[in-house]
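Each remark here refers to the structure printed beneath this line.
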């Protein structure tokens, strides 16, 4: 048995009209991990999820899901899926929804009955079991949807925007459910816009941009070499020049981004550059950010600042958040502009930059 | 597999039940049965509840109670109620099954389950047919009891209505499924199916008219032939009298007339026009026959809705039963029909019925099912290939 719950080697999808939604996805998800899929609108996240769930047929697909080729219908008996914007028939009651979709998943009647009660309890919907879905709020439908995805006791759970429309309490409950699934050694694949949510629950993430995987790995792996220290000072007086203060405290020459030197520094709102040893420097108002994880490297800077009589308001080690990673991934390194959302229409014209 | 199929059936029932139409249709069916039971026949004529309508042709002295009820079932129970009212209600109820299935937010969840798309679509299709089966069964059971209790004869053949009406409905439902799949709209599926049904009805009506005209022309050609034979017999008799009197037949110039036909025409001046009429009517019958063949070709590729329902009449009423009900046995004179339209001639009605019954069950069902399979096949291909 493969250790990978998902092993995608080349997944591509071109819609009619030559819209290239996916351009060859390479992705692997280990069994038992919580994997987050993120990306801007139109990046192809939902298309990828729908291909895995056989809702959409891929133009090209090499890879496996739970050891079988993607699209292998019987494998879906071991997969639970919560679609984005799902809609359950209004004429069904909560318990009937679970029973119906459990049956569609091939779960025997006795087991369905047992699991219906258990799952409604887990998602906090027991009191609504005999009420029609038509009267449910968005959050309640989402909770029921998660219960539905778990009816077949799946090895892999695919959740597409699970916290969409859910209040903070509901979001916390969903995080608890995901944690519980991880404890039960199930693989969870989450597609979400809420980066903070993903950051809290995911072991690994992949960032999808314009139909390709821009980066994937654990948050630690993705942030290697991106730790920094932030020093915030208290402006010493009226018209104080924070930029000059920091400049005087930094060792040696500071090269500004784009090749200029610190000699030409003026009173700017911000500055980006690097020290002679390559350590990045970023100054924004009264905050200095040094791109190093080494605490020894910042001691001389603190000493120099103190020597100037500057009061240090705060000093903190900073690690990039998932949002930072996301923004890096969706920013064009050449122009510094965010990439346009959506899939490209033509391979040449709209190729991912 | 059975778990999923059963789940889909239960879900379809819940969906129909939620629309209330299932029960409304069921009540209407029971109402139709009650109406059927309220009808009756006495020595004086037909009855409705306690009212009697005096009728010299329709009373128990001429028609048995059993035949009366059978005829009512075949005359309006099948062609009016089951073929039109119940079918429209069934279409209204089931037209939404596929559009609802493929609507956004629903189909994704269903397709993510370990069930093939072909089986999913066909099971949903069968769910629609099961709805109609239940409705027709209730109506047939009611009519069966009315026939047994009121008509004095339990006729199990009546239950043939169930598979036949379901088969008839399945032709239309296959079109409804295809349109629902393409348009994703219940309203469009319903309306366009009704339009298709109307088109089939028009072709059937055309067939009925052309067939009646062809049979009418054939009957008239036969009448003309009989008339010609009578004229010939009359001419031969006159020739014989002529020969006995010793008078030689001559033309206007005094020359003797040669040849039997010429001599016959000379003694019976109506003979020439009779011959002309035979030729004219045979040509007319031939022309109508050609039109019949053309319409048949169009009918062959379309589902035979009317003929499929007509199969019930074949089982329920024999030709002898029908003839009893037609004017042929009530002192009909062919001479009265000389200039009457084809539909007014009871002989044409009989021959028309015979001709329609002459169309084999294989042709009626086989070609219709072939159409249905084609339409469903197309729907299945679309459903299997579509990205949702």
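Residue numbers (our numbering), protein chains in the order written: chain A, 1 to 353; chain B, 354 to 741.
Idealized CB from N, CA, C, for every residue including glycine.
### Query
Under three-state DSSP, which class holds residue 7 of chain A?
The answer is strand: DSSP assigns residue 7 of chain A an E or B state.
### Query
With respect to the beta strand (DSSP E) encompassing residue 27 of chain A, which residues constitute its N-terminal and C-terminal limits?
19 to 30
### Query
Quick one: does residue 68 of chain A have its CB under 8 angstroms from some CB of chain B?
no
### Query
Is the segment 462 to 471 of chain B touching the segment 96 to 105 of chain A, taking contact as three or more C-beta pairs under 8 angstroms?
Yes, the segment 462 to 471 of chain B touches the segment 96 to 105 of chain A.
### Message
At the level of alpha carbons, what is the spacing between residue 5 of chain A and residue 37 of chain A?
### Response
15 angstroms
### Query
Taking DSSP as the reference, what is the three-state secondary structure of residue 123 of chain A?
coil
#### Entry: Rounded straight-line distance, which links the Cα of residue 20 of chain A to that of residue 371 of chain B
42 angstroms
### Task
Taking 8 angstroms as the threshold, find out whether the segment 109 to 122 of chain A comes into contact with the segment 503 to 514 of chain B through three or more Cβ pairs.
Result no; under three Cβ-Cβ pairs closer than 8 angstroms.
### Query
For residue 256 of chain A, which three-state DSSP category applies?
strand
### Query
Is the segment 414 to 421 of chain B touching the segment 639 to 654 of chain B, taking contact as three or more C-beta pairs under 8 angstroms?
Note that the segment 414 to 421 of chain B does not touch the segment 639 to 654 of chain B; fewer than 3 beta-carbon pairs, one per stretch, sit closer than 8 angstroms.
### Task
Using alpha carbons as the reference points, say which of B:403, B:557, B:600 and B:421 lies closest to residue 616 of chain B.
B:600
### Query
CB-CB under 7 angstroms to residue 480 of chain B, same chain, minus the five flanking residues each way: which ones, in chain order?
361, 362, 365 and 450
#### Entry: Cut-off 7 angstroms between Cβ atoms - residues of its own chain near residue 570 of chain B, not counting five sequence neighbours on either side
Its chain contains 634, 637, 638 and 641 as the residues whose beta carbon lies nearer than 7 angstroms to that of residue 570 of chain B, once the 5 sequence neighbours on both sides are disregarded; these appear in chain order.
### Query
Does the Cβ of residue 554 of chain B have 16 or more other Cβ atoms within 10 Å, making it buried, or fewer, making it exposed?
With fewer than 16 other Cβ atoms within 10 Å, it is exposed.
### Message
Is the separation between the beta-carbon of residue 568 of chain B and that of residue 708 of chain B shorter than 8 angstroms?
### Response
yes
### Query
What's the gap between the Cα of residue 338 of chain A and the Cα of residue 737 of chain B?
38 angstroms
### Message
Please list, in chain order, the residues of the segment 401 to 414 of chain B that have any C-beta partner in chain A closer than 9 angstroms.
### Response
Cβ proximity to chain A below 9 angstroms picks out nothing from the segment 401 to 414 of chain B.
### Task
Ignoring anything shorter than 3 residues or poking outside the segment 495 to 580 of chain B, list the beta strand (DSSP E) runs there in chain order.
none
### Query
Can you name the residues that DSSP bridges to residue 187 of chain A?
A:156
### Message
Any beta carbon of chain B sitting closer than 8 angstroms to that of residue 103 of chain A?
### Response
yes
### Task
State the start and end residues of the unbroken alpha helix (DSSP H) segment that holds residue 323 of chain A.
322 to 329
### Task
Would you verify that the beta carbon of residue 703 of chain B is, or is not, closer than 8 angstroms to some beta carbon of chain A?
no
### Query
From residue 169 of chain A to residue 129 of chain A, what does the alpha carbon distance come to, in whole angstroms?
20 angstroms
### Extent of the continuous alpha helix (DSSP H) run through residue 357 of chain B
355 to 372
### Message
Out of A:151, A:90, A:124 and A:98, which one is the CA nearest neighbour of residue 132 of chain A?
### Response
A:90
### Message
So, at 7 angstroms on beta carbons, what are the nonlocal neighbours of residue 513 of chain B in its own chain, with the 5 sequence-adjacent residues on each side left out?
### Response
Excluding residues within five positions, the ones whose Cβ falls inside 7 angstroms are 665 and 668.
### Query
Does the separation of the CB atoms of residue 289 of chain A and residue 227 of chain A fall below 8 angstroms?
Cβ atoms of residue 289 of chain A and residue 227 of chain A: not closer than 8 angstroms.
### Query
Rounded C-beta distance between residue 161 of chain A and residue 84 of chain A? I'm assuming under 8 angstroms.
Contact between residue 161 of chain A and residue 84 of chain A holds: CB atoms are separated by about 5 angstroms, below the 8 angstroms threshold.
### Query
Considering residue 468 of chain B, what are the terminal residues of the beta strand (DSSP E) in which it resides?
Careful: residue 468 of chain B lies outside any beta strand (DSSP E) and carries neither H nor E.
### Task
Out of B:498, B:492, B:454 and B:515, point me to the one whose CA is closest to residue 482 of chain B's CA.
B:515
### Message
I want to see whether chain B comes within less than 8 angstroms of residue 14 of chain A, judged by CB atoms only; does it?
### Response
Judged by the 8 angstroms Cβ criterion, residue 14 of chain A is not in contact with chain B.
### Task
Could you please tell me which residues of the segment 450 to 474 of chain B, in chain order, have their CB closer than 8 angstroms to any CB of chain A?
Residues 453, 456, 457, 458, 459, 460, 461, 462, 463, 464, 465, 466, 467, 468 and 469.
#### Entry: Interface partners of residue 106 of chain A on chain B, CB under 7 angstroms
356, 357 and 467
### Message
Is residue 741 of chain B close to chain A? Criterion is C-beta to C-beta, closer than 8 angstroms.
### Response
yes
### Task
Under the assumption that residue 448 of chain B contacts residue 536 of chain B (Cβ atoms under 8 angstroms), give the Cβ distance between them as a whole number of angstroms.
Distance from residue 448 of chain B to residue 536 of chain B at the Cβ level is roughly 11 angstroms; contact not present, criterion being Cβ atoms closer than 8 angstroms.
### Query
Name the chain B residues that come within less than 7 angstroms of residue 91 of chain A, Cβ to Cβ?
367, 368 and 371
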